[in-house]
Amino acid sequence: MSRIDLPIGFWQGVETIPGIESQIPLEWLLKQVELALTEEEKSEIQALGGWEKLMETLKARLEEQKGRHQGGSKWIGTGGTSPFGAYGYNPEGTRIGQESSRNRAAVKVWDQREYRNLDDSVNSGTRNIKVALRRLRKFGREGAPKERVMMQKWRETMAYQAEISRKNPGCFLFLVDQSESMEDPFGGGEAGRRKAEELATILNKLIHNLSIRCAKSDSIYDYFHVGVLGYSEESCKPALGGELSGRSLVPISELANKPLRIEERTKKSDDGAGGVVDQTVKFPVWFDPYGKGGTPMCAALKEATKIVQTWCQEHPTGFPPIVINITDGEATDGDLIAEARKLTAVSGDDGSVLLFNIHLSSTAGPSIELPGNANKLPDQHAKQLFEASSTLTPFMVARATELGMPAAENSRGFIFNAQPLHVIHFLDIGTRPANVRLR
Amino acid sequence: MKHATAASECDIKVFCCPKSGNSLEEYEDAWAHRQTRTPVGIRVAVADGATESSFAKLWAALLAESYVRSEVDGTEFFARLKPARRLWRRRLAGRPLPWFASEKAEQGAFAAFVGVQIDAHKNRWTALAVGDCCLMQVDDVGKGMRVLEMFPLQKSSQFTMSPYLIGSRSDGESLNERIHISKGSLRDGDMLLLATDAVAAWLLKRHEEGRPLWKWLYRKLSTPESFAAMVAYGRKNGLRNDDFTLVRVIHHDSPVEAKER
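For the protein sequence lines, the chains are A and B, in the order given.
For the first sequence, my numbering gives the first residue as 8, with consecutive numbering after it.
For the second sequence, my numbering gives the first residue as 4, with consecutive numbering after it.
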């Protein structure tokens with residue numbers, strides 16, 4: 008006889024069970040900060056005024072809040088230096104919540120719930136960490152300098168964990184060099200091929216692969232928004248054409264549905280019987296080769312900074328944008344490193360913007376992917392681009408290794424004279440079969 | 004569902020829900036259970052369609068159903084997936100798809116799989132798996148509950164975002180090196196759990212941390228409310244946001260059989 012006839016779980020509400028609100032005990036918060044630091048980093052903090060003193064200050068401020076609870080000027084408001092400025096504090100010392108009434112409700116519901124027995128301690132779930140990071144972000148803007156250093160260390164350790172979903176999409180912003188020097192021969196490919204052609208091929212393949220990655224059955228999921236800025240002569244402007252002309256960021260579904268044209272190309276493929284046959288495949292084109300004038304790369308980085316600032320404001324909890332600059336490396340309008348620093352200083356709850364550089368050089372020689380230092384880079388331009396590139400996150404290092412790239416803990420998002428197609432797989436959107444060959 | 008067989012019976016309960024933020028239509032796991040004649044017993048299967056593949060729900064369902072309806076086991080089961088693959092292709096044939104959907108479908112769908120055959124006469128089980136769907140066996144002896152089997156992955160650290168999976172267009176590809184097989188015996192009250200990757204990884208992690216959920220799963224997990232509570236709790240405490248499928252099988256010897264042991 009059936010005890011139940013249907014699987015349990017398909018009903019409204021399973022996602023939104025109230026009661027387990029975010030709870031971040033002070034001890035846990037402080038412990039996590041401590042755990043996140045190396046001995047060397049702790050020494051740095053010591054030099055800035057002392058770890059113990061820093062902890063005492065934080066504790067003292069929380070103690071002080073016990074007496075005030077609501078309305079304390081140091082705590083509630085915008086002008087203080089507290090990481091907990093926007094939040095209340097539970098005088099019992101066990102929980103910190105956004106407001107006292109909600110806090111009481113949470114405790115009550117927790118006590119009533121059957122699943123309270125699942126747990127025997129306060130936990131450090133992803134949600135809690137996110138809330139903590141949001142507080143720290145606020146603190147980073149308003150806190151005292153020495154405390155800010157500590158919080159920056161925390162952020163580096165805890166960042167880049169945001170789940171990418173249609174509700175909380177990722178962002179790729181491509182900056183493409185369209186200067187006259189891009190008309191010179193490409194050193195890493197067949198003879199007679201121009202850098203501008205190589206760049207167009209790379210960009211079209213990247214958008215193509217991103218589209219395939221996000222394709223789901225009949226449709227395409229907007230896991231990513233994508234922008235392309237071209238820089239040449241004296242300016243930097245959106246470089247997508249056709250119906251997308253003038254747009255700086257476009258959902259991947261729109262991009263996939265609106266290429267400039269779809270060409271048909273022939274590729275060799277396995278005939279299933281040990282032979283090779285020519286197969287006609289569709290090759291969508293979004294971007295054509297172009298090269299004229301100087302290389303206003305700094306202007307491009309400035310424009311990118313504005314775009315990602317807006318993105319981060321609109322998607323504060325999302326995975327930070329990834330900016331991918333494809334160039335032959337010769338900025339003509341200022342200090343590339345300084346502008347790159349400003350760009351990568353833009354941040355959301357989940358960390359700072361990442362900048363990767365793809366260097367298409369006329370210099371012949373072996374390609375270099377994700378180096379950890381600049382020792383083997385062939386020229387000053389390459390070294391400067393390496394310097395401007397962000398360090399890969401631990402997940403990216405693991406994914407790159409899985410994909411056969413030579414990544415290590417200190418690898419940077421820099422590629423010299425090589426196809427960077429694997430880079431779009433550095434962001435996780437769910438289980439990826441290991442037996443699907445990447446194009 | 005209670006399956007009564009010649010010498011034993013099994014209580015089977017299925018707990019599942021889609022990834023948070025997704026609709027029910029987007030749930031891409033599959034499960035199936037069915038009584039078998041040779042040997043007399045039951046088969047239970049769980050499959051997990053890969054997010055980064057198209058029409059994966061269909062493929063996962065075909066795998067799970069194929070297994071519980073099949074009479075072959077071990078590597079031979081996977082060698083005989085041609086009809087399932089043909090069905091998958093037939094469902095897509097003639098469907099007008101935009102260029103990106105068509106190209107994605109060309110890659111095929113992918114799924115992880117675990118299936119178990121319980122032999123009612125011998126009180127033994129045989130399991131097979133490809134990928135990161137898992138089977139766990141826990142006994143109900145004394146106050147504590149012992150984990151007797153974790154299969155095919157034994158540690159939470161072994162789960163990755165890129166496992167090797169079964170493809171719907173991979174007729175020419177041998178899976179032999181990827182197939183895991185295990186066997187075991189069952190005693191009265193033993194619990195078998197078949198789970199997709201996220202929930203399996205979470206259960207193993209809790210076990211490794213010395214805070215196992217076995218007893219709770221055995222005794223408390225029964226109602227929609229208790230399941231909802233577990234999912235809500237899990238998602239705030241280390242359970243990765245993914246489709247969730249957990250099939251719980253509790254084995255009972257028949258009264259006659261129990262006396263003889």
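Every residue gets a Cβ at the ideal spot worked out from N, C-alpha and C, and that includes glycine.
Pro215 of chain B sits close to Arg209 of chain B, with the two beta carbons spaced by under 8 Å.
Per DSSP, Phe193 of chain A lies in no beta strand (DSSP E) and is assigned neither H nor E. Nearest CB-CB separation between Asn216 of chain A and chain B: not below the 8 Å threshold. Pairing Phe363 of chain A with Ser397 of chain A gives a Cβ-Cβ distance under 8 Å. In this structure Thr199 of chain B is in contact with Val49 of chain B, their Cβ atoms being roughly 6 Å apart against a cut-off of 8 Å. Residue range Asp32 to Thr39 is occupied by the beta strand (DSSP E) that includes Arg37 of chain B, with no alpha helix (DSSP H) assigned at that position. The beta-carbon of Pro215 of chain B is placed no less than 8 Å from the nearest beta-carbon of chain A. Among the CB atoms of chain B, one or more fall inside 8 Å of the CB of Asp225 of chain A. Taken in chain order, the members of the region 89-102 of chain B whose beta-carbon sits within less than 8 Å of a beta-carbon on chain A are Arg98, Leu100, Pro101 and Trp102. Boundaries of the beta strand (DSSP E) around Cys243 of chain A: Ser242 to Pro245.
Closest in C-alpha terms to Asp51 of chain B, from the list B:Met164, B:Leu206 and B:Arg238, comes B:Met164. Taking 8 Å as the CB threshold, Asp229 of chain A stays off the interface with chain B. Per DSSP, reduced to three states, the secondary structure at Met233 of chain B is helical. In the DSSP annotation of this structure, the continuous segment of the alpha helix (DSSP H) that includes Pro401 of chain A starts and ends at Pro401 to Glu409.
Listed as beta-bridge partners of Lys16 of chain B by DSSP are B:Arg251. In the three-state scheme derived from DSSP, where H, G and I count as helix and E and B as strand, Tyr167 of chain A is classed as coil. Burial is judged here by how many other beta carbons sit within 10 angstroms of a residue's own beta carbon; His254 of chain B has at least 16 and is buried. No Cβ of chain B is located within less than 8 Å of the beta carbon of Thr400 of chain A. Per DSSP, Met148 of chain B has no beta bridge partner at all. For a cut-off of 8 Å, the C-beta gap from Leu196 of chain B to Leu138 of chain B is around 7 Å, short enough to register as a contact. Per DSSP, the unbroken beta strand (DSSP E) holding Asp122 of chain B starts and ends at Phe113 to Asp122. Counting the other CB atoms within 10 Å of its CB gives Ile184 of chain B a total below 16, which places it among the exposed residues. Taking a contact to require three or more Cβ pairs closer than 8 Å, the region 402-422 of chain A and the region 19-27 of chain B do not qualify as touching.
For Arg238 of chain B, same chain residues with a beta-carbon under 7 Å away, outside a window of 5 residues either side, are Ser23 and Asn244 in chain order. At a cut-off of 8 Å, the C-beta of Ala311 of chain A has no neighbouring C-beta in chain B. Residue nearest to Lys202 of chain A within the set A:Leu210, A:Pro192, A:Phe181 and A:Ile209 is A:Pro192 (criterion: CA-CA distance). Contact annotation: the region 346-362 of chain A touches the region 324-337 of chain A, with at least three C-beta pairs closer than 8 Å. Within a 10 Å sphere around the beta-carbon of Val144 of chain B sit fewer than 16 other beta-carbons, which makes this residue exposed.
Taking a contact to require three or more Cβ pairs closer than 8 Å, the region 276-293 of chain A and the region 211-224 of chain A qualify as touching. Three or more Cβ pairs drawn from the region 183-190 of chain A and the region 330-343 of chain A lie within less than 8 Å of each other, which places the two stretches in contact. Restricting attention to A:Cys221, A:Ala389, A:Thr312 and A:Ile431, the CA atom closest to the CA of Ser255 of chain A is found in A:Thr312. Residue-level contact check: Phe113 of chain B touches chain A, since one or more beta carbons of chain A fall below 8 Å from its beta carbon.
Taking a 10 Å sphere around the C-beta of Thr39 of chain B, we find 16 or more other C-beta atoms and assign the residue as buried. A direct Cα-Cα distance of roughly 9 Å separates Pro245 of chain A from Tyr238 of chain A. Look at Thr78 of chain B: its C-beta is not under 8 Å from any C-beta on chain A. By the Cβ neighbour-count rule, Pro99 of chain B is exposed, with fewer than 16 other Cβ atoms within 10 Å of its own.
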